[in-house]
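A short write-up of the structure that comes next.
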């Protein structure tokens, strides 16, 4: 995926607006550099004067107060967070300030368990493909119990999300459709794969002339609160 410097600058703008310098002051870099989240973990904190601490084995480090110091930011997939909560007892002063969960569906049960074990942490459920530069939508938990699915939220700044039918028409709230992402985070395309680029990066009928949107292949729906709920894959 060809991601431009401009795309990454836009990612930094979102982090500055939604998270702020305080929450990015100490970030745990837990993701391999071959995955897109590493761009966020390694580069974005430095643009705001923060520090980055490399963590080669997140599960082993989960109970280390030197790493999970209060106020730090941790990114993880939900299954890893679940393993952390199971494998380690809380350590005084080790609670992260912010937890970003992405890459897998987040269950209401795991969210409740995370709040119970880490009551001071701000927990975000975030969605985004590499083709839209790491993060496209975000939802921040208010700590209240949920009886339904955990949303993936609403578009981050400078991004747009469209839930469309097969004819690229907007579907009503509550109706499942395919998610298309537009905005400054949309990458240039796939390196050396013009055909696939043309298939997945298409003209955006809802934006300015020449604007594009990325066809994610993910099925979602808008809920009454204005957040997106993940419903599966279009190719399943």
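In full-length UniProt numbering, the protein residues as written are 1 to 236. Just so you know, even glycine gets a beta-carbon here, dropped at the ideal spot from N, CA and C.
Using CA coordinates, which residue listed in 128, 12, 132 and 110 is at the minimum distance from residue 141? Residue mapping note: residue 141 aligns to position 141 of the chain shown, counting from 1. Checking every option, the nearest Cα to that of residue 141 belongs to 110.
Assuming the contact rule is C-beta atoms closer than 8 Å, residue 204 and residue 212 should be a hit. Round their C-beta distance to whole Å, please. Residue 204 sits at position 204 when you count from the first residue of the chain shown. Residue 212 sits at position 212 when you count from the first residue of the chain shown. About 6 Å; that satisfies the 8 Å criterion.
Spatial neighbours of residue 48 in its chain, beta-carbon cut-off 7 Å, leaving aside the 5 residues before and after: Position 48 of the chain shown holds residue 48. Answer for residue 48: 16, 21 and 24, listed in chain order.
Quick one: Cα of residue 46 to Cα of residue 5, how far? Here residue 46 corresponds to residue number 46 of the chain shown, with the count starting at 1. Here residue 5 corresponds to residue number 5 of the chain shown, with the count starting at 1. Approximately 15 Å between the Cα atoms of the pair.
Does DSSP classify residue 201 as helix, strand or coil? Residue mapping note: residue 201 aligns to position 201 of the chain shown, counting from 1. In the structure shown, residue 201 sits in a strand (DSSP, three-state: E or B).
Alpha carbons only, please: which of 138, 85 and 132 is nearest the one belonging to residue 116? Here residue 116 corresponds to residue number 116 of the chain shown, with the count starting at 1. When only C-alpha atoms are compared, the closest one is 85.
Going straight from the alpha carbon of residue 162 to that of residue 170, what length do you get? Mapped onto the chain shown, residue 162 falls at position 162. Mapped onto the chain shown, residue 170 falls at position 170. Going by the C-alpha atoms only, they are around 7 Å apart.
Contact check, residue 102 vs residue 126 under 8 Å by CB: the rounded distance? Along the chain shown, read from residue 1 onward, the residue named residue 102 stands at position 102. Along the chain shown, read from residue 1 onward, the residue named residue 126 stands at position 126. About 5 Å; that satisfies the 8 Å criterion.
Between residue 165 and the rest of its own chain, which residues show a CB-CB distance below 6 Å, the 5 nearest in sequence each way excluded? Taking the first residue of the chain shown as position 1, residue 165 is located at position 165. So the qualifying residues of the chain are 171 and 177.
Residue range of the beta strand (DSSP E) that includes residue 40: Within the chain shown, the letter at position 40 stands for residue 40. Unbroken run through residue 40 is the alpha helix (DSSP H), 37-47; no beta strand (DSSP E).
Smallest Cα separation from residue 137: which of 201, 14 and 80? Taking the first residue of the chain shown as position 1, residue 137 is located at position 137. The shortest Cα separation from residue 137 among 201, 14 and 80 belongs to 14.
Exposure label - residue 221; buried when at least 16 CB within 10 Å: Position 221 of the chain shown, counting from 1, holds the residue named residue 221. Under this definition residue 221 is a buried residue.
When 134, 153, 198 and 44 are compared against residue 124, the one with the closest alpha-carbon: Within the chain shown, the letter at position 124 stands for residue 124. That would be 153, whose Cα lies nearest to the Cα of residue 124.
Can you tell me whether residue 223 is helix, strand or coil according to DSSP? Here residue 223 corresponds to residue number 223 of the chain shown, with the count starting at 1. Note: residue 223 maps to coil in three-state DSSP.
Write down every uninterrupted run of the beta strand (DSSP E) in the stretch 112-153 whose length is 3 residues or greater and which is fully enclosed by it, in chain order. 122-127 and 137-140
Looking at the structure shown, is residue 87 part of a helix, part of a strand, or coil, going by DSSP? Residue mapping note: residue 87 aligns to position 87 of the chain shown, counting from 1. In this structure, DSSP gives residue 87 a helical state, which the three-state scheme calls helix.
Report yes if the C-beta distance between residue 145 and residue 112 is below 8 Å; otherwise report no. By one-based count along the chain shown, residue 145 stands at place 145. By one-based count along the chain shown, residue 112 stands at place 112. Contact flag set, yes.
Can you tell me where the alpha helix (DSSP H) holding residue 11 begins and where it ends? Here residue 11 is taken as the residue at index 11 of the chain shown, counted from 1. Residues 5-14.
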